[in-house]
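Below is one structure, written out as structure tokens; comments come after it.
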Amino acid sequence: MKAPVRAPVNARCVVVVPTYDEAENVARLVDEITAAAPYADVLVVDDNSPDGTADVVRSHPSYGKALHLLERPGKAGLGAAYRAGFAWALEHGYDRIAQMDADFSHPPARLDALFRTLDDADVAVGSRYVPGGGVSNWDWRRRLLSWGGNLYVRLLLRTGVHDNTAGFKGFRRDALETIGALGSESNGYGFQIENAWRAAQAGLRVREVPITFTDRVAGTSKMSGAIAREALVKVLLWRFGTVLTFLAVGGVGYVIDVASFNFFRTLAPFNAYDPAVARTLAVGVAMIVTYVGNRTFTWRGSSEADRRREIGLFVLFNVIGFGFSVVTLVISHDLLGLTSRLADNISANVIVLALGTAFRYWTYKKYVFATPKERTPSSIHQVFPSSRV
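Following this line, the structure appears as structure tokens:
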């Protein structure tokens with residue numbers, strides 16, 4: 002006789018299932034979820050399915066007990082449905098939240114393993130690409146596309162996860178809060194990748210659980226080329242977005258620097274002083290602008306626990322960067338004897354700019370706006386600000 006499935010200790014569990022035209026699948030799926038994890042509730046998030054999916058849910062014997070229904074006015078995408086479901090689960094006090102598709106591509110029988118993995122992990126991923134995992138009824142083209150896509154994500158985002166597009170996941174509630182899952186804006190594959198990336202950025206404990214992925218046999222797929230393209234583009238933005246924002250803020254700071262210098266050079270009483278005074282004031286104004294810009298845009302999710310230390314380090318590294326520019330110019334002009342105006346401009350405005358930019362980016366990221374990597378469920382810091390569901 003099979004032993005009864007016991008609930009994880011002191012943990013209320015729920016499975017979030019987004020649906021759109023899944024009337025053929027949803028009742029049987031609820032039954033199989035209940036059989037695999039009888040301690041877990043089920044939340045169906047339905048986007049006003051025209052095939053009557055919501056009616057099937059309401060007619061199920063478990064409805065109003067362990068089965069819940071969240072109805073939305075229309076089809077707004079997989080990511081939006083999951084965000085709404087996660088918000089509902091957090092609001093209703095669940096400790097462990099799983100997500101899965103309604104088409105049986107994710108095996109309900111593995112739900113108990115997924116929930117129990119959260120005993121010593123913050124995020125559990127049902128993975129096709131670890132030993133014991135796999136896919137069925139896929140041709141070689143789809144296998145190659147999926148494998149290549151996951152390799153692309155791993156190389157660019159360095160998540161440490163083998164199956165970054167996995168839609169079969171489990172989260173501790175504090176992990177969802179830490180990664181700001183309600184504030185993400187991706188859909189489809191992008192939503193799954195974004196949460197994997199955010200978990201890696203936050204230093205959460207992620208464990209992969211082997212599963213066999215089976216393509217749907219009933220209903221129709223909701224994925225499209227546009228969703229895949231969104232994921233490809235957003236991976237690039239997540240990987241290089243910080244650098245691009247940093248460069249944009251730096252560009253604005255440079256314009257402010259030049260404009261301020263010329264402004265102070267013509268403004269009384271500064272126009273009567275040595276140009277170094279105007280230069281110093283301009284640098285100060287530019288530093289304020291770049292600090293606010295980097296704090297607001299580039300590293301907006303970093304810790305705000307010690308603002309004095311942050312500002313002190315910011316000023317220190319900018320002073321060091323300014324020292325680099327002076328030393329480089331001295332080496333070029335005085336030691337190497339490259340005294341032409343062209344040589345001075347290359348030294349001061351090309352070499353120094355490149356070295357200074359790299360130095361500032363590295364020090365800002367590592368020291369000034371650093372986000373702590375060590376996190377535990379009892380010590381949560383929201384790394385990514387939530388915005389909208």
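One gets the working numbering by counting positions in the sequence shown from 1 and adding 1 to each. Glycine is no exception: its CB is placed at the ideal position from the N, C-alpha and C atoms.
A straight line joining the alpha-carbon of GLY204 with that of GLY189 spans about 24 Å.
Relative to TYR130, the option among CYS14, GLY149 and ALA103 whose CA is nearest is GLY149. In the three-state reduction of the DSSP assignment, TYR292 falls in the helix class. Nearest to PHE325 by C-alpha distance, out of ILE352, THR35 and THR166, is ILE352. For VAL320, the three-state secondary structure derived from DSSP is helix. Among the bridge pairs identified by DSSP, TYR368 is matched with none.
PRO109 counts as buried, since no fewer than 16 other beta carbons sit within 10 angstroms of its beta carbon. The three-state reading of DSSP puts THR340 in coil, since its state is none of H, G, I, E or B.
A direct Cα-Cα distance of roughly 38 Å separates TRP141 from TYR40.
Following the DSSP letters along the chain, one finds THR215 inside the beta strand (DSSP E) bounded by residues 213 to 215. Counting other Cβ atoms within 10 Å of its Cβ, ARG199 reaches 16 or more and is therefore classed as buried.
One alpha carbon belongs to TYR64, the other to ARG155, and they sit about 40 Å apart. When the beta-carbon positions are compared, LEU44 and HIS61 stay at least 7 Å from each other.
Per DSSP, reduced to three states, the secondary structure at PHE298 is helical. For GLU33, the enclosing alpha helix (DSSP H) covers residues 27 to 37. Short of 6 Å from the beta carbon of VAL290, and not among the five residues preceding or following it, lie these beta carbons of its own chain, in chain order: GLY254 and ILE257. Comparing alpha carbon positions, the residue from THR267, GLY171 and ALA277 closest to LEU119 is GLY171. Contact annotation: ALA182 and PHE87 have beta-carbon atoms nearer than 7 Å. Counted as a single uninterrupted DSSP element, the alpha helix (DSSP H) harbouring THR179 occupies residues 174 to 180.
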